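UniProt numbering puts the last residue of the sequence shown at 492; the count rises by one with no breaks.
Glycine included, C-beta positions come from ideal geometry on N, C-alpha and C.
This structure is a prediction, so every number in the text was calculated from the model and none was measured.
Below: the structure, in structure tokens.
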Amino acid sequence: MIGCSRSLLRVDRVLRFTNTYVSSNPTHFQRNYHGLSCDFIMGDRKKRVCIDDNSKKEKTMKSIWRPIATNASSCEESSITAATVKSEDGGRVQEVGCSTSSTISNEHLMQGNVENKVLEGDSSLSAENHSISVKVGASLFRFIKGKGGYTQKMIEEETKVKIIFPSSKEDEFITIEGISVDNVTSASEKIQAIIDETVRSRNLDYSHFISLPLAIHPELVSKLVNFQNTILGNDNSCIDENLDTDSNEAEDTIDDKEVDQSPKENADVAVELKVDDDSKSVKVNLTSIPFVSYAPKASKPSASSDLGIDKSIFIKPKTFHLTVLMLKLWNTDRVKTATEVLQSISSKVMEALDNRPLSVRLKGLECMKGSFAKARVLYTPVEEIGNEARLLRACQVIIDAYVEAGLVLENDAKQRLKLHATVMNSRHRKRTKWKRNVDSFDARSIFKQYGSEDWGQYLIREAHLSKRFSFDENGYYHCCASIPFPENMQAE
Numbered sequence: 001m002i003g004c005s006r007s008l009l010r011v012d013r014v015l016r017f018t019n020t021y022v023s024s025n026p027t028h029f030q031r032n033y034h035g036l037s038c039d040f041i042m043g044d045r046k047k048r049v050c051i052d053d054n055s056k057k058e059k060t061m062k063s064i065w066r067p068i069a070t071n072a073s074s075c076e077e078s079s080i081t082a083a084t085v086k087s088e089d090g091g092r093v094q095e096v097g098c099s100t101s102s103t104i105s106n107e108h109l110m111q112g113n114v115e116n117k118v119l120e121g122d123s124s125l126s127a128e129n130h131s132i133s134v135k136v137g138a139s140l141f142r143f144i145k146g147k148g149g150y151t152q153k154m155i156e157e158e159t160k161v162k163i164i165f166p167s168s169k170e171d172e173f174i175t176i177e178g179i180s181v182d183n184v185t186s187a188s189e190k191i192q193a194i195i196d197e198t199v200r201s202r203n204l205d206y207s208h209f210i211s212l213p214l215a216i217h218p219e220l221v222s223k224l225v226n227f228q229n230t231i232l233g234n235d236n237s238c239i240d241e242n243l244d245t246d247s248n249e250a251e252d253t254i255d256d257k258e259v260d261q262s263p264k265e266n267a268d269v270a271v272e273l274k275v276d277d278d279s280k281s282v283k284v285n286l287t288s289i290p291f292v293s294y295a296p297k298a299s300k301p302s303a304s305s306d307l308g309i310d311k312s313i314f315i316k317p318k319t320f321h322l323t324v325l326m327l328k329l330w331n332t333d334r335v336k337t338a339t340e341v342l343q344s345i346s347s348k349v350m351e352a353l354d355n356r357p358l359s360v361r362l363k364g365l366e367c368m369k370g371s372f373a374k375a376r377v378l379y380t381p382v383e384e385i386g387n388e389a390r391l392l393r394a395c396q397v398i399i400d401a402y403v404e405a406g407l408v409l410e411n412d413a414k415q416r417l418k419l420h421a422t423v424m425n426s427r428h429r430k431r432t433k434w435k436r437n438v439d440s441f442d443a444r445s446i447f448k449q450y451g452s453e454d455w456g457q458y459l460i461r462e463a464h465l466s467k468r469f470s471f472d473e474n475g476y477y478h479c480c481a482s483i484p485f486p487e488n489m490q491a492e
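Laid out in structure tokens, this is it:
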């Protein structure tokens, strides 16, 4: 025990209670009280706090901790311990604080029986707590929490643990705390099972992909912009060649305003009323009432939206590319591994290309899995100049490397590579509450005009590990890593 020459601290606690129990949450303690009294004697001062419970109903104790010095120091230094007692039935809430003018030894803090634990917490229980940190990834947090936090609560109740999520979006770790190693291990296994199931399902979208950028060619970007503008209405003949009339929303709005104003201008109208002597009927002469005639509205042609076509389903011209492989990289470790894999196979890709430049030709339009009347994906086929299959060999080198590294899902690894450049995809459609969801679009008129379109011949200069939904300054997908393709013929 440490003594202080200036003052002497003597704390006497008298605690009377029954039916003590500890909740499953190690950080909260609940007890049934019949009465509680505490005497705090500090020097010549004495403070008594009494809490009476006449209703004998359950009350909840939650300890509030503040630092307590455990080393000798001057008497001017002070430390505070506070406790809050709250009645669940709306009873009184009192906070007790004792400010000491001397320090307390470790022996004093640890001594005492159950009465001490009411105010100071159960240090023996906290000393036995076990915790682990698991790197999950921010994109998976919502699946572990579940709707309304249901999944998280279920795991905590079944395994008697506490799952703590980080406050920062950049932190990818969750903490699991429990009173035993077995409880913590059981909870981590359940969380891992949720992750495995989520990754295999469509609930977790692809985060990255291997791309061969085509948007680096300005002339191709210009052609795609013209294509999009034409389909969206700058040239309505491409939507339906049989419709000759043309109208737009701006003109309709102007017409509506003119109709609303016309009755106000002719508000004064003379009406002649005549009543016969032998009849109660009234005759109205309408010959002097001026009639206003309105030009009939032209029938509105089928807009692109009626065909399921809107701007959101077009691929942005500045992101135009060929897709080699789709990836789900849900934390920074997997992104780092994917980056290293791509960089490590640069020389093998060069060998597959025979160290010679490679160009492709884009020609025509085709529909992916379906008919043009109910298209979901519209793309332009890719033809390798020279037909030597060098591009396919290089792509297969990339795919094999990622499969070997364990970064490709089993179902994706079984897919046959089909290089294509997507121009429209209904999956990208922006959903709105006031419009019905359309899973397809009518591409028949588009195919009539662009079915044999020659988009041009372009050099493939590099392969990227691209991040979806994130873009660089030039408008292309954010590049996590890249490897070059040959651009010049090497002299033998």
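Distance between residue j and residue i (C-alpha atoms, nearest Å)
| i | j | result |
| --- | --- | --- |
| residue 370 | residue 376 | 7 Å |
| residue 458 | residue 427 | 27 Å |
| residue 307 | residue 224 | 20 Å |
| residue 337 | residue 448 | 45 Å |
| residue 446 | residue 217 | 24 Å |
| residue 473 | residue 453 | 30 Å |
| residue 358 | residue 394 | 11 Å |
| residue 444 | residue 476 | 30 Å |
| residue 204 | residue 329 | 10 Å |
| residue 373 | residue 367 | 10 Å |
| residue 147 | residue 140 | 13 Å |
| residue 165 | residue 175 | 7 Å |
| residue 172 | residue 135 | 6 Å |
| residue 197 | residue 183 | 22 Å |
| residue 231 | residue 221 | 16 Å |
| residue 170 | residue 332 | 10 Å |
| residue 311 | residue 228 | 8 Å |
| residue 304 | residue 429 | 14 Å |
| residue 483 | residue 233 | 40 Å |
| residue 399 | residue 471 | 24 Å |
| residue 202 | residue 386 | 38 Å |
Sequence-distant residues of its chain with Cβ nearer than 7 Å to residue i (five each side left out)
| i | result |
| --- | --- |
| residue 397 | 345, 348, 349, 352 |
| residue 212 | 321, 322, 324, 460, 463 |
| residue 152 | 144, 145, 146, 163 |
| residue 206 | 326, 327, 328, 468 |
Same chain, Cβ closer than 8 Å to residue i, neighbours up to 5 away in sequence not counted
| i | result |
| --- | --- |
| residue 190 | 155, 158, 159 |
| residue 219 | 456 |
| residue 425 | 313, 315, 376, 377, 378 |
| residue 129 | 26, 177, 178, 179 |
| residue 390 | 352, 353, 354, 356, 358, 384 |
| residue 487 | 357, 459, 461 |
Buried versus exposed, by CB contacts within 10 Å (16 or more), residue i
| i | result |
| --- | --- |
| residue 317 | buried |
| residue 388 | exposed |
| residue 417 | exposed |
| residue 193 | exposed |
| residue 413 | exposed |
| residue 118 | Note on residue 118: pLDDT 32, under 50, position unreliable in the model; no value is reported. |
| residue 150 | exposed |
| residue 178 | buried |
| residue 142 | exposed |
| residue 319 | buried |
| residue 439 | exposed |
For residue i, the nearest candidate out of the options (CA to CA)
| i | options | result |
| --- | --- | --- |
| residue 355 | 485, 153, 185 | 485 |
| residue 327 | 419, 319, 212, 466 | 466 |
| residue 405 | 360, 147, 340, 454 | 340 |
| residue 168 | 178, 137, 335 | 137 |
| residue 362 | 135, 381, 415, 164 | 381 |
| residue 185 | 360, 392, 132 | 132 |
| residue 378 | 315, 312, 422 | 422 |
| residue 481 | 342, 196, 143 | 342 |
| residue 215 | 315, 385, 163, 170 | 315 |
| residue 360 | 311, 439, 392 | 392 |
| residue 420 | 384, 400, 439 | 384 |
| residue 210 | 411, 335, 195 | 335 |
| residue 411 | 430, 199, 208, 188 | 199 |
| residue 187 | 161, 415, 488 | 161 |
| residue 208 | 487, 488, 478 | 478 |
Neighbourhood of residue i by C-beta, 6 Å cutoff - its chain only, sequence neighbours within 5 removed
| i | result |
| --- | --- |
| residue 309 | 441 |
| residue 469 | none |
| residue 450 | 365 |
| residue 122 | In this prediction, residue 122 has a pLDDT of 37, which is less than 50 and means its spatial position is unreliable; nothing more can be read from the coordinates. |
| residue 408 | 402 |
| residue 181 | 130 |
Cβ-heavy atom distance, residue i to the ligand SAH, below 7 Å
| i | result |
| --- | --- |
| residue 203 | The ligand SAH is not part of this structure, which contains no ligands at all. |
Margin query: Runs of 3 residues minimum, wholly inside the region 173-248: which ones carry the beta strand (DSSP E) assignment?
Written below: 173-178, 208-213
Note to self: Extract the residue ranges of the alpha helix (DSSP H) inside the region 358-406, only unbroken runs of 4 or more that lie entirely within it.
What the structure shows: 390-404
Next item on the list: Note down, one range per segment and in chain order, each alpha helix (DSSP H) of at least 4 residues found wholly within the region 318-349.
Entry: 332-344
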